[in-house]
Structures are given as structure tokens and as C-alpha cells.
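Residue numbers (this note's numbering), protein chains in the order written: chain A, 1 to 92; chain B, 93 to 476. Each residue gets a CB set at the ideal place from its N, CA and C atoms; glycine is no exception. Let me begin by presenting the structure, written as C-alpha cells, before commenting on it.
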Amino acid sequence: MAELSTWESLPIAGAVRPSGAPRTKTGGWRTGEKPAVDVSLCVNCLLCWLYCPDSAVTLSGETFTGFDLEYCKGCGICADVCPVAAIEMVPE
Amino acid sequence: MTDVRLLTGGEAVAHAMRQIDPDVVPVYPITPQTPIIQTFAKLIADGEASTEIVNVESEHSAMSAAIGAALAGGRTMTATSSQGLALMAEVVYIAASMRAPIVMALGNRALSGPINIHCDHSDSMLIRDSGVVQLFAESAQDAYDLTVMAPRIAEDARVLLPVLVCLDGFTITHSAEPVSLLPDDEVARFVGPYRLRNAVLDTTRPTTQGPFAMPDYYFELRRQQAAALEAALDVLEEVAAEFELLSRRRVGALEAYRLEDATRAIVALGSTAGTVKDVVDELRDEHEAAGLLRLVSFRPFPSAAIAAALEGCASVAVLDRADSPGGTPPLHAELAAALYGSDLELAGHVYGLGGRELHPPDVREIFRGAAAPYVGLRGERCPV
Chain A
1 MAELSTWESL PIAGAVRPSG APRTKTGGWR TGEKPAVDVS LCVNCLLCWL YCPDSAVTLS
61 GETFTGFDLE YCKGCGICAD VCPVAAIEMV PE
Chain B
93 MTDVRLLTGG EAVAHAMRQI DPDVVPVYPI TPQTPIIQTF AKLIADGEAS TEIVNVESEH
153 SAMSAAIGAA LAGGRTMTAT SSQGLALMAE VVYIAASMRA PIVMALGNRA LSGPINIHCD
213 HSDSMLIRDS GVVQLFAESA QDAYDLTVMA PRIAEDARVL LPVLVCLDGF TITHSAEPVS
273 LLPDDEVARF VGPYRLRNAV LDTTRPTTQG PFAMPDYYFE LRRQQAAALE AALDVLEEVA
333 AEFELLSRRR VGALEAYRLE DATRAIVALG STAGTVKDVV DELRDEHEAA GLLRLVSFRP
393 FPSAAIAAAL EGCASVAVLD RADSPGGTPP LHAELAAALY GSDLELAGHV YGLGGRELHP
453 PDVREIFRGA AAPYVGLRGE RCPV
């Protein structure tokens, strides 16, 4: 591990710049279920993308492509807000 | 041309806010602060300022919104008193630790209970160690001057901390006196534009602010915050010197009043200093070598300057408008530490709790060394 900064050398208020922050994957915290999607039903309304508290819905441009399970916590909000029931929570 | 108006301290602060024209003011009303925001809101409604007032549901929310606004890149001010500050206290610590340069007017009022709306400094002392700058006004003029100076201190790159301008509830907030206002354009030039490095809405330089700090970093970040508060002492004097060029009034960390050859001195905060000055003048007419050391800056505490200013005194009485049950009142404790090793005699007095008046004869008794530890209290003399 790198040497820890002194109080004089830390950024003011400990503000963290993206370059210095480890991008820890948090999908390991998911408990029980993960979302599964039937893309043929998806109407690309992007409500799941809007509501996902972990920004774990992936897009290509403005088109829904799926879920980033490295960050998904399995909360099921996406399945709940999906207006066409294209998303189903399934066991891991 | 000099613009002298008959204003209460609350109105004087509101006019300073009008001239500063902050971007955002999240605020919740509470006596005796209310005249500040009431006057300011009217000035906005009259088109004299363009600030966005955020009507929040509590002081906790007021300070939370203030942090967001200040760190997003907007100059931010607010105001509160007493229970409002108590409710806000949790977030005041966070504002300081996030180094949010918020300016806040504090209409000093006794903390409950019993519930009371009048002046003492228990609200200020509640957040003594939160890491914010606390400057105490003696008069409405002082409250105006300190409010104009405050953004410059708060936003200085060496400081970046909330600055509280404390004005005694009712005695200053509600009492009208002649106040000399600077021209609007001079205040605008003096405070300058708000520029915050690391503003969170700068999408070209994204940052995470207010991160979790574990045992490996918390201590360092607290030390960094303390260093910023210590640096505020120099910044205050620099800003005071610059302000003096504009106003010909000097409000620095402390004011020595007829102290140069004084053998007996009183140390006090806030409007009480005015009463003490009158008594000093009377005593001087009677050939008594009395003087006053008025502290403007309670945080940061100007220990070295205080020790130097009191060097020639044989006895010093320190007046606390807040008690510390079971301990030593805050100003007394600070003075004792600042004067440690000196052979002058230091006496501490608590006075004025919950708006109890301090009269000139009380001040004479204090100067004579004949006053009880609790000045103006009915009942048996306190044994300690």
C-alpha cells in the first residue's frame, strides 16, 4: 500500500478526484436475486435506468442494453417500475 | 457621499446582504434573527437584490441546503438564533469539515430551557468547537461592517470555512442606531465574484466531497480544518485593513479601549463592551486606570494578541455571557489559558443570562473587584 498522506498534503476537505479513487466493484453485496430481462418486450422507456439507485442499467447511446452486475444490488426497483413487465427478478 | 441611516442591527445586516447580493439564502425564521431575513426578503421583493431565498422546513435543512449551494458554486448566506442553531449544530460541523464558505448571521439568544428569547451567548458557545469562525459585533454598525467583511474571510483560499457574525439578540438585532452604509458598488467590488476551486457543479473537474474518513484519515482532515481556522486570524486582519481603507473603520480580532496604561481591565464580547466603555470613561474621569479589551474574534481565539494587550494590567475581569455548568465558563477558560504563566490576577464573572441586564454600577463593582462570580443574580453569594 502507498504511503498515507500527511494532513498538509491532503486535498482540502479530503475531496476525492476520480483519478485517485479506486473503482471498487460492489455487486458482491447483492443478496439473493438479480434482474433478468426479455429484450423483446422492452419499449426502451428507460425508467429502469432513471430509477436504478446504483446506475447499474447499461445503455448504448440512448438504447437499453442490460444490467451491470458488478454494481447491481438486486433491489428490484427496475422490475417494479418496468411498465411492460420485461424485467423479472431471478435467483442468482 | 456618506449614507447614514437609522437601522436596527438586523436591518443593517440585511442591507449588507443586499449589497453582497448572495446567490442563495436558505433560511428558517426564529426570534431574534427574523428581522434580518424579513428585511432582506422585502429588499429582494422590491427588486434591490436578486438572491434566491430557499424556504426550508427547519434550520437543519437550512444549513444542509447552504452547504449544497456553497459547494455547487454559489455565494451562500443564512441566519439563525438559539434553538435554530441547536437544531442546525450537526450540520454546522459538517459545513466546516466540508470547508463550505457560508456566511451566517447569528442573533445571539439564550438556549432553552427554560425557554427564553433574549440575549446570551450560550448558542454561540454550543458550537464553539465546530470549527467555524465566530465574530462578535458590539453595535449595529459593527454587525454591518463584519457582514461585509465576512465573505472575504470565509472564501479566502487559506480559510474556506463558515463565518458567523454574532450580534446580541434584541440589544443589537432590534435596536435602531445610525449606521453608515458603504456605496453599493464599493461593497460589490470589495467582496468580488464568488470563485470556489473544486465547485461540485464543475463537470469538467468532478470531485467527491464529504467522503467517509476512516481512522487512517479522519485525524489528518481534522488537523487540516484546525489549521484553516488558525489561518483565519491573519486573513481577518488583512481584510480588516482593506475594509478600513474603504470605511475608515477598523474591526479586527480585538479592540483595546483605553488599555495602554490601564492597571485594571475587563474582557468582554458583544454589546456589553459598549456599557463597559462608558464606565471606563467615567473611571478615567475619576483618574482610575481602567480599560477594556473587547474580543471581536472568539474563534479563532487571538491568544497571543490578548496576552500582549493585557501585559501591563495588574488585574483582569473576564465577563462570560454563558455558563459552563460543572466547569469553567468558556471565555474565562480561554483567558486563563492565554494568560497562563502571567502574574496578573484573573477573575471570572458570569452575567446577563437570558437577557438579564448588566448596569453600569455592576461594571463598576466588577472593576473594583467587589462583584460576585454571578453578576446580577439574586440569592446567596456563590461559595466559589
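Of all the CB atoms in chain A, is at least one closer than 8 angstroms to the CB of residue i?
i	result
M306 of chain B	no
R191 of chain B	yes
L313 of chain B	yes
N290 of chain B	yes
Y309 of chain B	yes
L253 of chain B	no
P118 of chain B	no
T300 of chain B	yes
The alpha helix (DSSP H) with residue i in it runs from where to where?
i	result
M196 of chain B	Segment 195–200 is the beta strand (DSSP E) holding M196 of chain B; no alpha helix (DSSP H) there.
I77 of chain A	77–81
S216 of chain B	214–218
I need the straight-line Cα distance from residue i to residue j, nearest angstrom please.
i	j	result
L328 of chain B	D80 of chain A	56 angstroms
C52 of chain A	G447 of chain B	54 angstroms
A192 of chain B	D377 of chain B	48 angstroms
V116 of chain B	V372 of chain B	43 angstroms
S389 of chain B	V225 of chain B	8 angstroms
D454 of chain B	L402 of chain B	22 angstroms
V240 of chain B	R110 of chain B	10 angstroms
S156 of chain B	A187 of chain B	8 angstroms
T63 of chain A	L69 of chain A	18 angstroms
M1 of chain A	R30 of chain A	With a pLDDT of only 49 at M1 of chain A, under 50, the local geometry of the prediction cannot be trusted, and the value read off the model is given with reservation. In a straight line, the C-alpha of M1 of chain A is about 28 angstroms away from that of R30 of chain A.
T131 of chain B	L321 of chain B	31 angstroms
P307 of chain B	L313 of chain B	11 angstroms
L259 of chain B	A291 of chain B	30 angstroms
V90 of chain A	C78 of chain A	13 angstroms
D435 of chain B	H441 of chain B	19 angstroms
R297 of chain B	A13 of chain A	16 angstroms
F67 of chain A	S416 of chain B	58 angstroms
E92 of chain A	A15 of chain A	36 angstroms
D368 of chain B	S222 of chain B	Rather than Asp, the amino acid found at residue 368 of chain B in this sequence is Val. Computed Cα separation, rounded: 29 angstroms.
L98 of chain B	R341 of chain B	18 angstroms
Would you mind working out which of the options sits nearest residue i, comparing C-alpha positions?
i	options	result
L338 of chain B	B:R281, B:A354, B:V372, B:L351	B:R281
G344 of chain B	B:A333, B:L351, B:D353, B:R350	B:A333
V195 of chain B	B:V467, B:L411, B:A154	B:A154
P270 of chain B	B:D95, B:A181, B:A249	B:D95
N44 of chain A	A:R17, A:E88, A:T65	A:T65
P303 of chain B	A:P11, A:C75, A:G32, A:G28	A:P11
E182 of chain B	B:A162, B:M169, B:G205, B:S150	B:S150
V408 of chain B	B:I458, B:E230, B:G261, B:L288	B:I458
State the start and end residues of the unbroken beta strand (DSSP E) segment that holds residue i.
i	result
Q226 of chain B	225–228
I87 of chain A	87–91
L346 of chain B	346–349
Y443 of chain B	437–443
T100 of chain B	95–100
T170 of chain B	169–172
P270 of chain B	268–273
What is the DSSP secondary structure of residue i, reduced to helix, strand or coil?
i	result
T364 of chain B	helix
C258 of chain B	strand
H107 of chain B	helix
I207 of chain B	coil
T31 of chain A	coil
P453 of chain B	helix
V119 of chain B	strand
F393 of chain B	coil
G383 of chain B	strand
G66 of chain A	strand
I145 of chain B	strand
Y309 of chain B	coil
A157 of chain B	helix
S5 of chain A	coil
A56 of chain A	coil
T131 of chain B	helix
Y466 of chain B	strand
D377 of chain B	helix
A357 of chain B	strand
V37 of chain A	strand
V84 of chain A	coil
V292 of chain B	coil
S407 of chain B	strand
Step through the CB atoms of chain B and report whether any lies within less than 8 angstroms of the CB of residue i.
i	result
P18 of chain A	yes
G76 of chain A	no
S40 of chain A	no
A15 of chain A	yes
W7 of chain A	yes
L69 of chain A	no
C72 of chain A	no
L4 of chain A	yes
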